[in-house]
Structure formats: structure tokens, C-alpha cells
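Student: In this text, residue positions in the sequence shown follow my numbering: the first is 108, and each later residue adds one. Sending over a structure as C-alpha cells; questions will come in a sec.
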Amino acid sequence: MSVDRQSGTAAWLPSATAPPPAARAGEPRRPFFRGLWRGRPEDPRWARPALLGLLAATLVLYLYGLSASGYANSFYSAAVQAGSRSWKAFFFGSLDAGNAITVDKPSGFLWPMELSVRIFGLNSWAILTPEVLMGVGSVAVVHAGVRRRFSPVAGLIAGAVLALTPVAALMFRFNNPDAMLALLMALACYFVVRAVEDGRTRWLVWAGTAIGFAFLAKTLQAFLILPPLAIVYAVCAPVPVRKRFGQLAAATLALVVAGGWWVAIVELWPASSRPYIGGSQNNSFLELTFGYNGLGRINGDETGSVGGAGGTGQWGETGWERMFNSEIGSQISWLLPAALILLAAGLVATRRLRRTSVTRASFLVWGGSLLITLVVFSYMAGIFHQYYTVALAPYLAAVTGMGAGLLWEKRQELWASITLAASVVAAAVWGYVLLNRTTDYLPWMKWLVLIGGLTAAPGLVLAGRISRRLALGAAAVGLVAALAGPTAYTLSTVGSAHTGSIPTAGPAGASTMGFGGGPGGGKGGMRGGFGGGMPGGQGQQGQQGRNGNGFPGGGMPGRNQQNGNGGTRGPGRSGNGFPGAGRTGEGGMGGGMGAGGLLNGASVSSAARKLLAQDASTYTWVAASVGSQNAAGYQLATGDPVMAIGGFNGTDPSPTLAQFEKYVADGRIHYFIAGGGMGAGLGTSSNGAASQISSWVRKNFTKVTVGSATFYDLTQKKNG
Numbered sequence: 108m109s110v111d112r113q114s115g116t117a118a119w120l121p122s123a124t125a126p127p128p129a130a131r132a133g134e135p136r137r138p139f140f141r142g143l144w145r146g147r148p149e150d151p152r153w154a155r156p157a158l159l160g161l162l163a164a165t166l167v168l169y170l171y172g173l174s175a176s177g178y179a180n181s182f183y184s185a186a187v188q189a190g191s192r193s194w195k196a197f198f199f200g201s202l203d204a205g206n207a208i209t210v211d212k213p214s215g216f217l218w219p220m221e222l223s224v225r226i227f228g229l230n231s232w233a234i235l236t237p238e239v240l241m242g243v244g245s246v247a248v249v250h251a252g253v254r255r256r257f258s259p260v261a262g263l264i265a266g267a268v269l270a271l272t273p274v275a276a277l278m279f280r281f282n283n284p285d286a287m288l289a290l291l292m293a294l295a296c297y298f299v300v301r302a303v304e305d306g307r308t309r310w311l312v313w314a315g316t317a318i319g320f321a322f323l324a325k326t327l328q329a330f331l332i333l334p335p336l337a338i339v340y341a342v343c344a345p346v347p348v349r350k351r352f353g354q355l356a357a358a359t360l361a362l363v364v365a366g367g368w369w370v371a372i373v374e375l376w377p378a379s380s381r382p383y384i385g386g387s388q389n390n391s392f393l394e395l396t397f398g399y400n401g402l403g404r405i406n407g408d409e410t411g412s413v414g415g416a417g418g419t420g421q422w423g424e425t426g427w428e429r430m431f432n433s434e435i436g437s438q439i440s441w442l443l444p445a446a447l448i449l450l451a452a453g454l455v456a457t458r459r460l461r462r463t464s465v466t467r468a469s470f471l472v473w474g475g476s477l478l479i480t481l482v483v484f485s486y487m488a489g490i491f492h493q494y495y496t497v498a499l500a501p502y503l504a505a506v507t508g509m510g511a512g513l514l515w516e517k518r519q520e521l522w523a524s525i526t527l528a529a530s531v532v533a534a535a536v537w538g539y540v541l542l543n544r545t546t547d548y549l550p551w552m553k554w555l556v557l558i559g560g561l562t563a564a565p566g567l568v569l570a571g572r573i574s575r576r577l578a579l580g581a582a583a584v585g586l587v588a589a590l591a592g593p594t595a596y597t598l599s600t601v602g603s604a605h606t607g608s609i610p611t612a613g614p615a616g617a618s619t620m621g622f623g624g625g626p627g628g629g630k631g632g633m634r635g636g637f638g639g640g641m642p643g644g645q646g647q648q649g650q651q652g653r654n655g656n657g658f659p660g661g662g663m664p665g666r667n668q669q670n671g672n673g674g675t676r677g678p679g680r681s682g683n684g685f686p687g688a689g690r691t692g693e694g695g696m697g698g699g700m701g702a703g704g705l706l707n708g709a710s711v712s713s714a715a716r717k718l719l720a721q722d723a724s725t726y727t728w729v730a731a732s733v734g735s736q737n738a739a740g741y742q743l744a745t746g747d748p749v750m751a752i753g754g755f756n757g758t759d760p761s762p763t764l765a766q767f768e769k770y771v772a773d774g775r776i777h778y779f780i781a782g783g784g785m786g787a788g789l790g791t792s793s794n795g796a797a798s799q800i801s802s803w804v805r806k807n808f809t810k811v812t813v814g815s816a817t818f819y820d821l822t823q824k825k826n827g
């Protein structure tokens, strides 16, 4: 077998400066469809059909039972509904078509869903299918990034690892910003590796563009991987130093333009004629970016967030073990120990290669992105949810595929075969630990995983000295053992409905997250739940939803909660009971909901829909409610704009009491929905707007009761 002089590995690894074989001059171009099916001329005939099969299987897996989740996160689904009705809401990311307030993120991630809804109408499939396609695209990008420098099998392993990561299966079927973020971050890594490969400026500019658009999905999280990408190109690019820094400057300009044009328009647009910037305290997107959605996530100082400023550790323990604990581990960490071993092995194997080695640069790009994101997630003190870890999935998958492929090619060397075996044992042992945390879920599988990994290890150690058939058998057993656990959790994930703001992957009980478990707390340890009630809360226990997201004891401070059913039921069979999320006791307006109200939209009766439909077209907003989730539930149920007073948490100072009084005087709002949010509960806005509005409404307007829901007719003042 010929050997590449640059890398010292097999000849299927092209040189760092050579163009891809299909692009070499003088070679005839094959018909498109034949090339699509056949792939590279030097590839085995099975390689491209295997890739297409992987992508098709991922598509089917992620589409399975998609409508079961209904509107998924009703907060963002309401914004999608608004953007499908109003181009102004589309551009700004407004929560309602009346453009009262935006979501607490830039609007870029909403655009594919809004365009889909404009075409196909408002339904679960129209909202969630774009997210599925982003998942399939991410698998394709990771495969392509690995395959360019490694074997076809390495690329397939990388793609399969991503597709079968539980948190990836969750978020590529959900309408949070993270699906678009993961796809664009994977593209950025791919483009940087391409830039190192041939030194062309265009690839680096494309990388900057991808990160710029990722900023429009989830603000500063998109910038986490900038240091490793920039450093790797500055050191490894096959062009002179001066040109490298000029290219990096061009990429930076592309990033600023791609992400900054929208920011500039929003900041320069007169505040009086655009919606309030949700999540900010001063109606500024820059404040939102660098505060609540930026540095606040790192240091925990998140004014206006759940729990207020100066984080208190309610989002879980920080530290190096965070990604492995009972809150996070089952979401992402199945192959993380193996990936870290393979990353170290890849860097050792390529340590003597020339500066421009694309093989080593690939490990540095994907591995550096994995490590820096891992460190930030492990130590950030602010709001942190389990599903954030989907950002790690593309990097982890790529490193796993590259490392396994490289060590397999070097299996004749004893250190490489031992390291490959060690990575399989690490995956099997850690899989056993994770599976053992859910003792009632497939109790036999943990033994299958452990025994399979330990059985494969000797064969992998001797892989360079035994027959190829036996070595391949050991590798197959090891791969099955490594992927069995995450595959089972992924299948459990796609077989369940997921709604609300804090979804988790895997079977019930696989992941627990504490939140402010103070005195009077309820039962902790529920899947994806809060660890206890807030101080003084007297929320009573409700029924657990079909995907396990019940929140016993979720009452608010000083509130005398009644048993509620705040789970939104969209077109599918979702419906999570959130105790304390229903109507409040006397005086419970303006923040009387339990924790469940923060997590999901309200359940709206047909009688309530009929009430709000009366003369709906004559009002800008058919109703207003404190907090976005309650407003979102009513807006999705009626199809008409509902104002979310105080934004997501009910703590944003918008509208002020004076602004709200003017809206009412101008006849722009019909009803006020009682018991809607958390403005007087978990956090406090800068001027107590939600509480002031609630008190003013209760004092001046007529109460209307429909079933268990209470409304105030803002067109009918109290007598006297």
C-alpha cells in the first residue's frame, strides 16, 4: 500500500494541498445522478449508498411520530404563528402579530419555521419539519467533514454517532434555537478545514458567514468556537503569514456583516414603532446580547431571569464533572470519554506531521471546538438546561469518527490498537453507568453493553495481528456496544412527546434538574423537572404528563395554588400536567402561576376560545396576560394576537402601566387573562409593571369566569 508522505497514513488520505480527486483537471464529469449515487471514483461501491442510507434512516427516525409533540415549545410556536401573519413580526421575532414584544433571542432561527407555516399552515409538522431537516443536514455535514480526510467508514461512524445522540434526536425534533445553531457550527468547522486544505479565502469567508448567521440563532453562544478556529487557521494554513491574517480579517468582516445587519436595523429602528426587545430591561438588543443572553450566562448575573440576578446555583452544580452527572450525562456523555481518548490519540499520532497537515488540523478544529464548549458548559453559572448540550454533539461525533478511523488504519502499531480498545472499554463502562441510573429501563441492556465492550477489547488489541475477518468482528462488537445505550435512549426520545421550555431526552427518570429547592419544596427528581417548590409555595400535586414532565409542589411564594393542568395540547397527543399552573386563589393575579406556567402554555377550553373570538378583528390584541407562556397558549388556540405582559418571565418592564392604560383607552385590548404569569413571583421587573397592571385591572374592570379560567373585560368598567 502506498503511503502519503505528509501524514504517514494510508494513501486514501489525500495530501493537504491536492484538490479533491473529482475536481482534478482532465477528468471527465460524470452525470449528476450517477455521481450522486456513486460518489468518489476511488470510493468503494458501497460508500455512497451507505451514506444515502444513513441520511434516509435519520430522516425517517426524526420524522417518526413528530406531531406527538404538538406545538412543542409554545413560546416559540406562538412567535412562528405571529411571523406567519405579520412580516414585521417575522423580521423582529415578535411573540404576537400585534408586535408588543419579541422573544428573548434574535429572530433568525424562527425564519425557516415561519416560512414553512406560511406555505403549509399552522400545524406541528410545518413547525417541526424544518428542524428535522436541519438534523439530517448536520449529519451530512459531519460526515462530509470527516470523510474528506479519513475513510468512508470513519465518516459513517461520525454521522451515525450524531444521529443517535439522544439530545440531538430531541432538539432536531423541537423548535428551540439549538437545531439551527448546531447545523451552522458544524458548517463553520467544515469550512475551516476546507480552508486549511487549500488556503482559499472563500472557505474562511463562508465559515465567518455561518457563525454570523448562528449569532442570529442564539447570540453569543455562536462565538464560543471562534478561538480554536482562528488559531488553527493562523497556525496551519498553507499560505504566507501575512495572507493568513488578511484572510482572517475577511472572515471577521463576513461574520460581522452576516450577523450584524439585523442587529443594526433593530438598534437604529425607532423604538416607538417596533416591538419591545424581550428579555432586556432597557429595550435594547445589545443589552440582551451582552447581559441576559451573554455574560449573564457565564457569571449568573441575569437580571430579569428566572430567579433574578446573581445566580444561586439553581441550574445545577458546576465543575468538570457536570457533563457526566445525573442531570446532564444521559443527554450527551455516552461517548464523551471515548471521544476524549480518541482526540488525544489523534493528536499524538499526528504530532510529527508538517505544520500544514490537514489531518492534524481536522482534529484541532473539531476537537478544539469540543473542548472549549465543554469547558464553558461545565463552569457557566447562569441559566443552563440539559438540551444546550446538543451544541457538543457534532464535535463529539466528528472526533469519534476521525479517531476511530485513524487508529484502525494504524492498528498494526501496538499503541494504536491498545488505545482503540481502551476507547471501546471506556464507552462500554460509561454506558453501563448511565444505564444503571435508570434501573427500571431495559435492565438487561447495561450487561449487554458492558460484556460486549469487554469482549471486543482483546480482539481490538490484537487487531493488527489476527485475521482481518476476526478484527472486523471485534470492531463490530465494540461499535455495537458503544452505540447500544445512546441508540436505546434515542428511540425512547423519538417515541415520546416533548413540550414546554425544558425538554429532556431519554426515558422517564433519565435526567433530573434541580431548581431553587427551598423550604416548602415539593417532590424533586422528576424528569426534566424543578427540584422543589419555591419558598412558601402550597402548590398541590397534579398528574404527570405522558412524557414525564410533572412538577409537584410548583407553587409560588405566598400563593395558595389550586391544582392546574397547564399542559398545552397542540395538534398532537402532548399534555403535561404542571401542578400549580392553573388558576390562582384570591389575589393571585399577575404572577400566580406555578413553575409549570413558565414551562408550557395554558390549556384553553372551547368556551374560552369562543369568548375571545367575539369581535376579535376589531382589536389589536384579543387579550393580554402576564408572562409569555400563558399568552402563547391562548394565541395558538385562537389564532389571534395575545399580548405577553413582561415577556417570557413576566419581568420585562413592558408595557408600563401608562402604556397599558392607553392601549385600553384606545380600545386595542379586549380581555385580560388572570393568573397568567410570574411577574410577581420568581423575578422582579425594574418597575413592577406586571403587578401594577394586574392590580389596576382587578380594581377597575369586570370579572368574567369561563369554566376554571378568569378574564377581565377591558371594555366594561366596574360600576361605581
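Positions of the beta carbon are idealized from the N, C-alpha and C atoms, including for glycine. Predicted model, so just to flag it, every value in this text is computed and none were measured.
(1) Would you kindly report the start and end of the unbroken beta strand (DSSP E) that includes D820?
(2) Going by DSSP, which residues form a beta bridge with S201?
(3) Whole angstroms is fine: what's the gap from W473's alpha carbon to I318's?
(4) Do you know how far the Cα of F197 is from the Cα of R676?
(5) Does I226 come out as helix, strand or coil in the three-state DSSP assignment?
(6) Would you say T326 and N400 are within 8 Å of each other, going by their C-beta atoms?
(7) In the DSSP output, which residue or residues are listed as bridge partners for T809?
(8) Go through its chain and collect everything with a Cβ distance to V497's Cβ below 7 Å, but skip five positions before and after it.
(9) Taking all protein chains shown into account, decide if Y486 is buried (16 or more other Cβ within 10 angstroms of its Cβ) or exposed.
(10) Which residues does DSSP pair with V733 in a beta bridge?
(11) Under a three-way DSSP split, which group does H777 fall into?
(12) Pop quiz: F182 and S530 are said to be a contact at Cβ under 8 Å. What is the actual Cβ separation, rounded to whole angstroms?
(13) Taking the alpha carbon of L447 as the reference point, which residue from E394, L460, A504 has its own alpha carbon closest?
(14) How is Y178 classed by DSSP in three states: helix, strand or coil?
(15) Could you give the DSSP three-state label for W376: helix, strand or coil?
(16) Relative to the C-alpha of S174, which residue among I234, W194, D150, F767 is closest?
(17) Could you check if I372 is buried or exposed, using at least 16 other CB atoms within 10 Å of its CB as the buried criterion?
(18) Can you tell me which residues form a DSSP beta bridge with Y383?
(19) State the Cα-Cα distance for the pair A378 and N390, rounded to the nearest angstrom.
(20) Distance check for P156 and R518, CA to CA, integer angstroms please.
(21) Between the Cα of F818 and those of A715, V804, I780, spot the shortest distance and give me the residue it belongs to.
(22) Rounded to whole angstroms, what's the CA-CA distance from V556 to N283? Just pull it up for me.
(23) Just to confirm my understanding: we take L718, look at its own chain, exclude 5 residues before and 5 after, and list those with CB closer than 6 Å. What are they?
(24) With C-beta atoms as the reference, is A445 less than 8 Å away from A570?
(25) Can you tell me which residues form a DSSP beta bridge with W728?
(26) With a 10 Å radius around its C-beta and 16 neighbouring C-beta atoms as the bar for buried, classify Q328 as buried or exposed.
(27) Give the secondary structure of Q650 by DSSP, where H, G and I count as helix, E and B as strand, and everything else as coil.
(28) Between the Cα of H492 and those of A612, A267, L443, spot the shortest distance and give me the residue it belongs to.
(29) Is it true that the CB of A511 sits closer than 8 Å to the CB of L527?
(30) Please determine, among A295, D203, T425, A302, the residue with the shortest C-alpha to C-alpha distance to A751.
(31) So, are the CB atoms of A591 and G538 less than 8 Å apart?
(32) Of the residues Y494, I405, L514, which one's Cα is nearest the Cα of S437?
(33) Between G366 and the rest of its own chain, which residues show a CB-CB distance below 7 Å, the 5 nearest in sequence each way excluded?
(34) Write down the C-beta distance between V268 and G580 rounded to the nearest angstrom, noting that I regard them as a contact closer than 8 Å.
(35) Could you tell me the distance, in whole angstroms, from the CA atom of V342 to the CA atom of L291?
(36) If you draw a straight line from the C-alpha of A500 to the C-alpha of L217, how long is it?
Tutor: In this structure, then:
(1) Indexing the sequence shown from 1 puts residue 820 at position 713. Run containing D820: 816 to 824, per the beta strand (DSSP E) assignment.
(2) Your numbering for residue 201 matches position 94 in the sequence shown. DSSP output for S201 lists T209 as bridge partner(s).
(3) As a position in the sequence shown, residue 473 is number 366, starting the count at 1. As a position in the sequence shown, residue 318 is number 211, starting the count at 1. Each residue's alpha carbon lies about 15 Å from the other.
(4) Within the sequence shown, numbered from 1, the residue matching residue 676 stands at position 569. Within the sequence shown, numbered from 1, the residue matching residue 197 stands at position 90. With a pLDDT of 36 at R676, under the threshold of 50, the predicted position of this residue should be treated as unreliable, though the coordinate-derived value follows. Distance between R676 and F197, taken at the CA atoms: about 24 Å.
(5) On the sequence shown, residue 226 is found 119 positions in, with the first residue counted as 1. Helix.
(6) Within the sequence shown, the letter at position 219 stands for residue 326. Within the sequence shown, the letter at position 293 stands for residue 400. A contact, by the Cβ cut-off of 8 Å.
(7) Along the sequence shown, read from residue 1 onward, the residue named residue 809 stands at position 702. Looking at the DSSP assignment, T809 forms a beta bridge with D820.
(8) Within the sequence shown, numbered from 1, the residue matching residue 497 stands at position 390. The residues are V274, A275, M278, D285, A289.
(9) Mapped onto the sequence shown, residue 486 falls at position 379. Answer is exposed; the Cβ neighbour count stays below 16.
(10) For the purposes of this step, residue 733 is taken as the residue at position 626 of the sequence shown. According to DSSP, V733 bridges with I752.
(11) The residue labelled residue 777 in the question sits at position 670 within the sequence shown. H777 falls in the strand class under three-state DSSP.
(12) The residue given as residue 182 occupies position 75 in the sequence shown. The residue given as residue 530 occupies position 423 in the sequence shown. Actually they are not in contact, since the Cβ atoms of F182 and S530 sit about 40 Å apart, beyond 8 Å.
(13) Sequence index remark: in the sequence shown, residue 447 carries index 340 (1-based). If we check each option's Cα against that of L447, A504 comes out closest.
(14) Your numbering for residue 178 matches position 71 in the sequence shown. The three-state secondary structure of Y178, taken from DSSP, is coil.
(15) To locate residue 376, count along the sequence shown from 1; it is residue 269. Reduced to three states, the DSSP call for W376 is coil.
(16) Taking the sequence shown and counting its residues from 1, the one referred to as residue 174 is at position 67. When I234, W194, D150, F767 are compared, the shortest CA-CA separation from S174 is found for I234.
(17) Here residue 372 refers to the residue found at position 265 when the sequence shown is read from its first residue. It counts as exposed.
(18) Counting from one through the sequence shown, the residue named residue 383 turns up at place 276. Note: Y383 sits in a beta bridge opposite I208.
(19) Here residue 378 corresponds to residue number 271 of the sequence shown, with the count starting at 1. Here residue 390 corresponds to residue number 283 of the sequence shown, with the count starting at 1. Rounded to the nearest angstrom, the two C-alpha atoms are 8 Å apart.
(20) Here residue 518 refers to the residue found at position 411 when the sequence shown is read from its first residue. Here residue 156 refers to the residue found at position 49 when the sequence shown is read from its first residue. When rounded, the distance between both Cα atoms is 27 Å.
(21) Locating residue 818 in the sequence shown gives position 711, where the first residue counts as 1. Checking every option, the nearest Cα to that of F818 belongs to I780.
(22) Residue 556 sits at position 449 when you count from the first residue of the sequence shown. Residue 283 sits at position 176 when you count from the first residue of the sequence shown. Going by C-alpha positions, V556 is about 32 Å away from N283.
(23) Within the sequence shown, numbered from 1, the residue matching residue 718 stands at position 611. Correct list, in chain order: V813.
(24) On the sequence shown, position 338 is the one that residue 445 refers to. On the sequence shown, position 463 is the one that residue 570 refers to. No Cβ-Cβ contact shorter than 8 Å links A445 with A570.
(25) Counting from 1 along the sequence shown, the entry for residue 728 is found at position 621. DSSP output for W728 lists I776 as bridge partner(s).
(26) For the purposes of this step, residue 328 is identified with residue 221 of the sequence shown, where counting begins at 1. By the neighbour-count rule (16 or more Cβ atoms within 10 Å), Q328 is buried.
(27) Counting from 1 along the sequence shown, the entry for residue 650 is found at position 543. With a pLDDT of only 33 at Q650, under 50, the local geometry of the prediction cannot be trusted, and the value read off the model is given with reservation. Three-state result, Q650: coil.
(28) Working through the sequence shown from its first residue, we reach residue 492 at position 385. Per the Cα distances, A612.
(29) Within the sequence shown, residue 527 is the residue found at index 420, counting from 1. Within the sequence shown, residue 511 is the residue found at index 404, counting from 1. Cβ atoms of L527 and A511: closer than 8 Å.
(30) One-based indexing of the sequence shown puts residue 751 at position 644. When only C-alpha atoms are compared, the closest one is D203.
(31) One-based indexing of the sequence shown puts residue 591 at position 484. One-based indexing of the sequence shown puts residue 538 at position 431. Here A591 is near G538, since their CB atoms are less than 8 Å apart.
(32) In the sequence shown, counting from the first residue as 1, residue 437 sits at position 330. If we check each option's Cα against that of S437, Y494 comes out closest.
(33) Looking up residue 366 in the sequence shown gives position 259. Within the same chain, G366 has close Cβ partners G319, F320, F322, L323.
(34) For this step, residue 268 is matched to residue 161 along the sequence shown. For this step, residue 580 is matched to residue 473 along the sequence shown. About 21 Å separates the beta carbon of V268 from that of G580, a gap too long to meet the 8 Å contact definition.
(35) Taking the first residue of the sequence shown as 1, we reach residue 342 at position 235. Taking the first residue of the sequence shown as 1, we reach residue 291 at position 184. Straight-line measurement puts the Cα of L291 at about 23 Å from the Cα of V342.
(36) Indexing the sequence shown from 1 puts residue 500 at position 393. Indexing the sequence shown from 1 puts residue 217 at position 110. Inter-residue distance for A500 and L217 is about 22 Å (C-alpha atoms, whole angstroms).
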